[in-house]
Amino acid sequence: MENIKNIAMRIRYDGTNYHGWQSQSNGVTVQSTIEKALSELTGSDVKVTGCSRTDAGVHALDYIFNFKSETKIPVEKLPYALNYRLEDDITALEAWVAADDFNSRFSVNGKRYIYNIWNSALKNPFLNRYSWHFPYKLDFKKIKDAAVFFEGKHDFAGFMAAGGQQKTTVRTISVCGAEQSGEFPELLTITVEADAFLYNMVRIIVGTLADVGTGRIEVSDIPEIICSKDRRQGGITAPPQGLFLKKVYL
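This is the structure we're talking about:
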């Protein structure tokens with residue numbers, strides 16, 4: 002037992018072809034793909050714990066998981082060995098021996114997500130898998146002004162999809178902002194950083210900001226919508242492909 006190590010690994014992945022992170026019986030997931038590859042690599046059954054349950058079609062530029070193993074493969078070599086067994090849409094970046102009590106789900110101090118919106122009447126073939134094609138005119142200034150209202154400690158019960166099982170719906174958002182690409186002004190990127198997130202929280206915030214951009218919701222309505230804790234007051238849930246887990250803070 003003393004040879005068992007708690008190994009943490011950082012990866013990135015394109016979620017297009019996966020039914021989200023978490024293993025399930027009715028589709029291929031990132032977790033099941035990695036567990037299969039690690040089990041073959043180490044010669045023993047491997048179960049991993051992930052830092053986030055990303056939905057189908059959502060991507061990750063920075064994702065951390067951990068697992069217990071007696072493998073004799075040098076830990077620093079594990080990413081290279083694992084990448085040999087993975088498809089091109091998942092890449093292991095680094096691995097290290099973590100403390101025995103490290104748990105990727107509960108040891109994370111915060112996460113940063115970004116969401117891309119391609120705001121043009123015409124689609125961009127290079128961004129179809131990585132952005133929300135929104136063909137109606139958006140007022141960028143209104144979106145930028147509204148985003149600031151989400152910052153701070155609030156009860157975000159109205160920004161959680163049905164099925165969330167969190168004990169509390171209070172979260173602290175440290176950053177919520179919007180940027181317009183200098184090279185491609187049609188590309189809007191919304192950034193949300195918080196201590197933790199509710200189910201579909203970022204996608205609902207983005208959908209609400211899009212409604213602000215079209216004028217359906219006024220900038221000044223955002224505080225009242227948050228305080229209402231009523232999901233029906235907010236905007237739609239933005240589609241998954243524009244969402245990226247950008248940074249995990251340990």
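Each position in the sequence shown, counted from 1, maps to that position plus 1 in this note's numbering. All C-beta atoms, glycine included, are put in the ideal place defined by N, C-alpha and C. The structure displayed is predicted, hence computed values, not measured ones.
When burial is assigned at 16 or more other CB atoms within 10 Å of the CB, is residue i buried or exposed?
i    : result
K112 : buried
Q25  : exposed
E225 : exposed
P136 : exposed
T169 : exposed
L123 : exposed
R172 : buried
N27  : exposed
D212 : buried
R204 : buried
Y85  : exposed
S182 : exposed
F68  : buried
D56  : buried
A163 : exposed
K145 : buried
Y14  : buried
Between residue i and residue j, which are expected to be in contact by the criterion C-beta below 8 Å, what is the C-beta distance as a whole number of angstroms?
i    : j    : result
I115 : F245 : 5 Å
N120 : E187 : 5 Å
S70  : I118 : The pair is not a contact, with the Cβ atoms about 41 Å apart (cut-off 8 Å).
N252 : V98  : Nothing about residue 252 can be reported from this structure: the residues present for the chain run from 2 to 251 only.
G44  : Q32  : About 20 Å; that fails the 8 Å criterion.
A96  : M10  : 4 Å
Given residue i, which residues of its chain have a CB within under 8 Å of its CB, disregarding the five upstream and five downstream residues?
i    : result
I35  : I12, V49, F66, L83, L87, I91
T30  : Y19, H20, G21, W22, Q23, S24
F151 : I174, C177, V193, I206, I223, I227
N110 : D196, Y250, L251
E219 : V213
Residues in its own chain within less than 6 Å of residue i by CB, not counting five upstream and five downstream?
i    : result
T190 : I115, N117, E180
V59  : G16, P241, L244
E209 : This sequence places Thr at residue 209; Glu is not what is there. Correct list, in chain order: G235, G236.
L139 : N120, G214
T238 : N201, R204, I205, G208
With hydrogens ignored, establish whether the beta-carbon of residue i is closer than 7 Å to any heavy atom of the ligand MG.
i    : result
N117 : The ligand MG is not part of the structure shown, which contains no ligands of any sort.
Leaving aside the five residues before and after residue i along the sequence, list all residues of the same chain whose C-beta is less than 7 Å from its C-beta, in chain order.
i    : result
A199 : A small correction: the amino acid at residue 199 is Leu; Ala does not occupy that position in the sequence shown. Cβ within range, chain order: F157, F160, M161, G165, Q167, T170, R172.
K259 : Residue 259 lies beyond the stretch modelled for the chain, which goes from 2 to 251, so this question has no answer here.
S40  : D46, V47
A147 : L210, V213, V220, I223
Residue ranges of each alpha helix (DSSP H) within the region 51-137, 4 or longer = 79-84
For the region 101-108 and the region 220-236, state whether three or more C-beta atom pairs, one from each stretch, are separated by less than 8 Å.
-> Segments in contact, no.
Please go through the region 195-243 and give each complete alpha helix (DSSP H) segment of 4 or more residues, from N-terminal end onward.
-> Within the region 195-243, the complete alpha helix (DSSP H) runs of at least 4 residues are 202-215, 223-229.
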